[in-house]
Amino acid sequence: MAAAAYYVATALIRPVIALSDTARKITRTQDYTQQVSVDRDDEIGQLSDAFNTMIEGMDTALGEITTLNHEIEETQREVVFTMGSIGESRSKETGNHVKRVAEYSKRLALYYGLGEEEAEMLKQASPMHDIGKVAIPDAVLNKPGRFDEQERRIMDTHAVLGYDMLKHSNRRLLQAAAIVAHEHHEKWNGSGYPRGLRGEEIHIYGRITALADVFDALGSERVYKKAWEDAAIFTLFREERGEHFDPKLIDIFFDHLAEFLSIRDSFQDSVIGA
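With my numbering as the guide, the letters of the sequence shown map in order to residues 9 to 282.
Here it is as structure tokens:
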């Protein structure tokens, strides 16, 4: 009798334990493909079938949520890039400037030691570096030739204006973009703007974007200047190592120069005014 009772109890308990163990495993691993295998036609079998159906539904729902999150993230990236391109188009520069700066920034970030995810985020954020230019008057933004003192002060406000546009977001991408907008004109020696930060007081996002932006700007024709020759750019960069730019980033730039030139060649500008 005792043996029979033990057998019955065991037969009842084992499927329940299996259900419990599977539920705990799903909670721990977030793997909703787990299933319970109970070959019974009684209430416990029905409970197991209901459990499996519930988990399948959760797996489907999770997949839909994941897909939706990816779509939201992709839309956010597209909006950020488009906003950056608007800032460039107002100053009659091609959208390829922000594409090149984005690619340069990611490569510099990876070689500097940032992880793939963070480097990709900087790539997505860096097109916003000049978003503050949307608030600069056209007469200043597109003036051929040098700015006078008042015009220079107006132009220099674009760093703070861009930061103010983005700083209230709690999204990591837009937080990174706010840093980039605010600090990409700071200089390693403290002579930059808007805050005169020095050395590692400047966020690495700002230091990276500064180099990427200047490299591309010097090599591109603008309404106020001709494109520089490569030799002149390289001479300036060597002179500005530890002055304008983080010395480690300058070393990375020259160590991988062929790669940066290849990126530049992949995103050629159209003719200004065309």
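Note that the Cβ used here is the ideal one computed from N, Cα and C, for glycine as well.
- In the DSSP assignment, residue 253 forms a beta bridge with 249.
- Scanning 239, 238 and 225 for the CA closest to the CA of residue 277 turns up 225.
- Contact annotation: residue 254 and residue 201 have beta-carbon atoms that are not nearer than 8 Å.
- Inclusion of residue 176 and residue 144 in the CB contact set at 8 Å is not warranted, their separation being larger than that value.
- Cβ-Cβ distances below 6 Å link residue 169 to 140 and 143 in the same chain, with the five nearest sequence neighbours on each side left out; the list follows chain order.
- Cα atoms of residue 222 and residue 270: separation of roughly 17 Å, rounded to the nearest angstrom.
- Ranked by Cα distance from residue 251, the first of 118, 194, 64 and 239 is 194.
- Just so you know, the alpha carbons of residue 180 and residue 116 end up roughly 20 Å apart.
- When secondary structure is reduced to three states using DSSP, residue 115 falls in the helix class.
- Cβ neighbours of residue 146 within its own chain (closer than 6 Å, five residues either side excluded): none.
- In the same chain as residue 264, and ignoring 5 residues on each side of it, the C-beta atoms closer than 8 Å to its own belong to 115 and 119, in chain order.
- Rounded to the nearest angstrom, the gap between the Cα atoms of residue 216 and residue 36 is 39 Å.
- Beyond the five residues adjoining it in sequence on each side, residue 128 comes within less than 7 Å, by CB distance, of 114 in the same chain, given in chain order.
- In the structure shown, residue 233 falls within a strand segment according to DSSP collapsed to helix, strand and coil.
- Here residue 243 carries a helix assignment [DSSP, helix/strand/coil].
- In chain order, 130 and 212 place their CB closer than 8 Å to the CB of residue 122, counting only its own chain and leaving out the 5 sequence neighbours on each side.
- Between the alpha carbons of residue 172 and residue 151 lies a gap of roughly 25 Å.
- In the structure shown, residue 57 adopts helical secondary structure according to DSSP, grouped into three states.
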